[in-house]
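Asker: If you read the sequences in order, they're chains E and C.
216 is the number that the working numbering gives to position 216 of the first sequence; each next residue is one higher, with no gaps.
107 is the number that the working numbering gives to position 107 of the second sequence; each next residue is one higher, with no gaps.
For every residue, glycine included, the Cβ atom is placed at its ideal position computed from N, Cα and C.
Protein chains: 2
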Amino acid sequence: MKTKRATAKDVAELVGCSVSAVSLVVSGRTEGRINNDLRDRIEAAVQELDYRPNQSARTLATRSPSNIAFVCPDIRNPFFGEVFHGLSASVAAQYRVQLRVPSSGLDFGIDVVRDAQSENIAGLILAAPSSGVMELFRSTCPTVLLEAPDQTLGLPCVDLNLESAAKGLAQHLLAMGHRRVGYLSYQPKKGTFVVRRHHLEVAMQEGGAHLLDAIASAGELTIEEGEARFFESWKHWKENGVTAVVAADDILAYGAIRAAKKAGLHIPGQLSVAGFNDIPFSALIAPPLTSVDFRAYELGQAAGAAMINTINGRATNLTVVETELHLRASTGAATPLKGPKRRASGTSSAPAV
Amino acid sequence: MKTKRATAKDVAELVGCSVSAVSLVVSGRTEGRINNDLRDRIEAAVQELDYRPNQSARTLATRSPSNIAFVCPDIRNPFFGEVFHGLSASVAAQYRVQLRVPSSGLDFGIDVVRDAQSENIAGLILAAPSSGVMELFRSTCPTVLLEAPDQTLGLPCVDLNLESAAKGLAQHLLAMGHRRVGYLSYQPKKGTFVVRRHHLEVAMQEGGAHLLDAIASAGELTIEEGEARFFESWKHWKENGVTAVVAADDILAYGAIRAAKKAGLHIPGQLSVAGFNDIPFSALIAPPLTSVDFRAYELGQAAGAAMINTINGRATNLTVVETELHLRASTGAATPLKGPKRRASGTSSAPAV
DNA sequence: CTGAAAGCGCTAACAG
DNA sequence: CTGTTAGCGCTTTCAG
């Protein structure tokens, strides 16, 4: 069963020729080098032995690796799956892409990056790297950063237009009359999350509104965490007249919705909820979630294109992928209120749909 | 910037020693071999040059690869992300795992498998391989199959207990009075889906009920496909008195729910819906979906364990991971009906929640 | 047209 | 204790 994998030497011995001949034949550069008879015999032997060249050895010899590594924090998040898909498709003609994620926990550390670097890879893509990782990072091959605003290393980046995303969301909420908005954050030190919150806050303030942070930010990107952080913060928010909550990511928003429902709040009657990312499930939950579409597939494609350019020495500094706000039923008009502070005592129970 | 990666030779030259010395030092086997002074100087040079051994070259030399490849159909499906996570964690002490997926399309072909095999890998894990792939497959290293019932090659397998899953679901539906159940299938030639449907049908029949296939099975695992197939089949189902629909996967069930709602059907009042997989979002949609939990993380862990065993020559034939039925609001009592056939003409519109 | 030889970066015997 | 040698599987000059 575990037939030892055939090597070029095996083929050569079977045919009675040299290894170089089989090398030429399998790589198809037979033109004017190998006569047709020999070629046919080699090809037959290749078939028979099911020989396929050892890619690692080939890479070692040619110094032209055939795969690029994609490192991301958590592949369970459908967002990264979609990014991976776009990336993979856009480089498929020339490279295979292999995914690397932390074996456990919430985010990748420098170790995962170094593991990837220690293989022979043509390029490296780092998705949403933490500042901790970037401090320790040393480039050893063409590298592209994805979703890494604030990282001022000279590396090519592909970022989302988070400013327009946040601004769009803010304007929507402002137009609906929201002046006090709770914010459920995640990884407050990671560039992409810093920026989301920042632009949202700026835009809200320009509209004369305020962002109120949750008591604590989510430690993990799970529904449960979103739920727990919401419960923890709700008293504080309620006392300060919060009429809408924005979550740093849809998954947390799901948790917020669940918690709000459990607390007997009607959405959006008593509380509006919105998120970032717009993963496909956001349109299906109850109520459908207002969210900013991050165009994950495009992001992956852009990363692939940037990678190819970088490998070819035409490094692009920064690519920006646009985002799109999707308005759904989870956001609605703010409950009318009089002063800047209101005591939303109890709940005037509208049927929680 | 793109400082050429340092090699063992570079380190040796800087220190003025042989490459073997640095090899011994970096791999920590310095005991009684290298004197402390030399060791320290080498370590200093390693630091200075930021030397890290080329893993591919090391593998080539030692013939003991350090990573295992995981091939799966579609990483956008959170199920596989979770499996990957479990797998990754369970082999972390000894191996890194790298993911391989098709660059586009819905399923991996033999090409993806061969790409993986052509690297130096310690093991290969194939998730839900199609029969087409398995026909062409030739093992070149320890291989473990995941979710591959019906594949009678002599390879170690990790499967779900699909029989108890389907039986549990059937019994639930039977108890609720359902006698005509629509079935929304996906990839009807892939082992895992064949088996899901089969056991469901058998269990339904034992209870005197029938499974009615959709007009066509879903070509892709997306909400849209589920929706389209439902619409297409609903007339047929309705005419035959179908009171519940089971989807081969939760994602399709989401589509069915959306379609049913659009058709003005109340769930579960007029139609019950259930799925397989129980991805985390299933508890959040409206209405929450009754589904069979596939324990993705455990499945991944089991695959990791089976892999380790196989590598160590103690191949396990088959590992079965249990499943668990989660009852939620999407399933309820069948609308009372008189004969085996009922004309559910129109819709007595109960408010679609 | 074809084979022998060198070398990619590393490790593992074996001498000194 | 340390360096030299050989070789992992492949590609690539360079002679013949």
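What residue ranges within the segment 106–192 of chain C form continuous alpha helix (DSSP H) runs of no fewer than 4 residues, ordered along the chain?
Answerer: Those alpha helix (DSSP H) runs which fall completely within the segment 106–192 of chain C and span 4+ residues are 110–117, 131–136 and 162–175.
Asker: One question on the structure: do C/Phe-230 and C/Ala-256 come within less than 7 Å of each other, judged by their Cβ atoms?
Answerer: In this structure, C/Ala-256 lies closer than 7 Å to C/Phe-230 by Cβ.
Asker: Against chain C, with Cβ distances strictly below 7 Å, would E/Tyr-183 count as a contact?
Answerer: It does not; no Cβ of chain C falls within 7 Å.
Asker: Measure from the C-beta of E/His-268 to each C-beta in chain C and report whether the shortest distance is under 7 Å.
Answerer: It is Pro, not His, that sits at residue 268 of chain E in the sequence shown. Not closer than 7 Å to any Cβ of chain C, the Cβ of E/Pro-268 fails to qualify, so no.
Asker: Considering only residues of the same chain and omitting the five flanking positions on each side of E/Arg-41, which have a CB-CB separation below 6 Å?
Answerer: Here the set comprises Val-15.
Asker: DSSP state of E/Thr-310, grouped into three classes?
Answerer: Helix at E/Thr-310.
Asker: Distance, Cα to Cα, E/Thr-347 vs C/His-266?
Answerer: The pLDDT assigned to E/Thr-347 is 39, lower than 50, so where the model puts this residue is not dependable, and the model offers no usable value.
Asker: Using DSSP with H/G/I as helix, E/B as strand and the rest coil, what is C/Gln-98?
Answerer: Strand.
Asker: Going by the CB atoms, is the gap between E/Gly-219 and E/Leu-252 shorter than 7 Å?
Answerer: Contact flag unset, no.
Asker: Regarding C/His-199 and the ligand GDP, is the C-beta to nearest heavy atom distance less than 6 Å?
Answerer: Annotation note on the ligand GDP: not contained in the displayed structure, which lists no ligands.
Asker: Quick check: what's the CA-CA separation for E/Phe-80 versus E/Gly-207?
Answerer: Answer to the nearest angstrom: the Cα atoms are 33 Å apart.
Asker: What number of angstroms, rounded off, separates the C-alpha of C/Pro-268 from the C-alpha of C/Leu-169?
Answerer: If I take the Cα positions, the gap works out to 15 Å.
Asker: Based on the DSSP secondary-structure assignment, which residues constitute the bridge partners of C/Ile-68?
Answerer: DSSP output for C/Ile-68 lists C/Val-97 and C/Gly-123 as bridge partner(s).
Asker: Quick one: what's E/Asp-213 bridged to in DSSP?
Answerer: Answer by DSSP bridge pairing, in chain order: E/Tyr-183.
Asker: For E/Gly-191, count the other beta carbons within 10 Å of its own beta carbon; 16 or more makes it buried, fewer makes it exposed. Which is it?
Answerer: E/Gly-191 is buried by the Cβ-count criterion.
Asker: Looking at chain E, is there any beta carbon in it that lies within less than 7 Å of the beta carbon of C/Thr-316?
Answerer: It does not; no Cβ of chain E falls within 7 Å.
Asker: In the DSSP assignment, what are the bridge partners of C/Asp-293?
Answerer: Per DSSP, C/Asn-277 and C/Glu-324.
Asker: Would you report the Cα separation of E/Ala-69 and E/Glu-201, rounded to the nearest angstrom?
Answerer: Cα-Cα distance, rounded: 35 Å.
Asker: Should E/Val-97 and E/Leu-106 be called a contact, given that it needs their Cβ atoms to be closer than 7 Å?
Answerer: Cβ atoms of E/Val-97 and E/Leu-106: not closer than 7 Å.
Asker: For C/Ala-244, which three-state DSSP category applies?
Answerer: Here C/Ala-244 sits in strand by DSSP.
Asker: Mapping the DSSP letters down to three states, classify C/Thr-355 as helix, strand or coil.
Answerer: The question about residue 355 of chain C has no answer here: the residues shown for chain C are numbered 1 through 353.
Asker: Would you mind telling me which residues of chain C sit closer than 7 Å to E/Arg-5, beta carbon to beta carbon, in chain order?
Answerer: The answer, in chain order, is Thr-140.
Asker: For C/Leu-271, which of helix, strand or coil comes out of DSSP?
Answerer: Reduced to three states, the DSSP call for C/Leu-271 is coil.
Asker: If you reduce the DSSP assignment to three classes, tell me which class C/Ala-286 lands in.
Answerer: In the structure shown, C/Ala-286 sits in coil (DSSP, three-state: anything other than H, G, I, E or B).
Asker: Is it the case that the segment 299–318 of chain C contacts the segment 280–291 of chain C, given that we only count it when at least three CB pairs across the two stretches are under 8 Å?
Answerer: With the cut-off at 8 Å, the segment 280–291 of chain C and the segment 299–318 of chain C do not touch.
Asker: Taking Cβ-Cβ distances below 8 Å as the criterion, which residues of the segment 37–64 of chain E are in contact with chain C?
Answerer: So the list reads Asp-50, Arg-52, Pro-53, Asn-54, Gln-55, Ser-56, Ala-57, Thr-59 and Leu-60, given in the order they occur along the chain.
Asker: Measure the beta-carbon distance from C/Ala-127 to C/Pro-73 and round it to whole angstroms, keeping in mind my assumption that it falls under 8 Å.
Answerer: At roughly 7 Å, the Cβ-Cβ gap stays under 8 Å, so C/Ala-127 and C/Pro-73 are in contact.
Asker: Can you tell me the Cα-Cα spacing of C/Val-144 and C/Met-307, whole angstroms?
Answerer: If I take the Cα positions, the gap works out to 6 Å.
Asker: Report all residues from its chain with a CB closer than 6 Å to the CB of E/Glu-82; omit the five preceding and five following residues, and keep chain order.
Answerer: Same-chain partners within the cutoff: Ala-296 and Tyr-297.
Asker: Just to confirm before moving on: does the CB-CB distance between C/Leu-221 and C/Asp-250 stay below 7 Å?
Answerer: No, the pair does not count as a contact, with Cβ atoms beyond the cut-off.
Asker: What does a CB cutoff of less than 8 Å around C/Phe-84 pick up in its chain, not counting 5 residues either side in sequence?
Answerer: Excluding residues within five positions, the ones whose Cβ falls inside 8 Å are Phe-70, Cys-72, Ile-75, Val-97, Leu-99 and Gly-300.
Asker: According to DSSP, is E/Leu-221 helix, strand or coil?
Answerer: If DSSP states are grouped into helix, strand and coil, E/Leu-221 belongs with coil.
Asker: Considering only the alpha carbon of each residue, which of E/Val-133, E/Glu-163, E/Ile-279 and E/Gly-304 lies closest to E/Ser-90?
Answerer: It is E/Gly-304 whose Cα lies nearest to the Cα of E/Ser-90.
Asker: Please identify, using Cβ separations under 7 Å, the residues of the segment 77–98 of chain E that lie next to chain C, in order along the chain.
Answerer: So the list reads Pro-78, Gly-81, Glu-82, Phe-84, His-85, Ser-88, Ala-89, Ala-92, Arg-96 and Gln-98, given in the order they occur along the chain.
Asker: So with CB distances below 7 Å, who are the chain E contacts of C/Ile-308?
Answerer: In chain order: nothing, as chain E lies at least about 14 Å away.
Asker: Hey, would you say E/His-356 sits closer than 7 Å to E/Thr-243, going by beta carbons?
Answerer: The structure shown has nothing for residue 356 of chain E, since chain E only spans 1 to 353.
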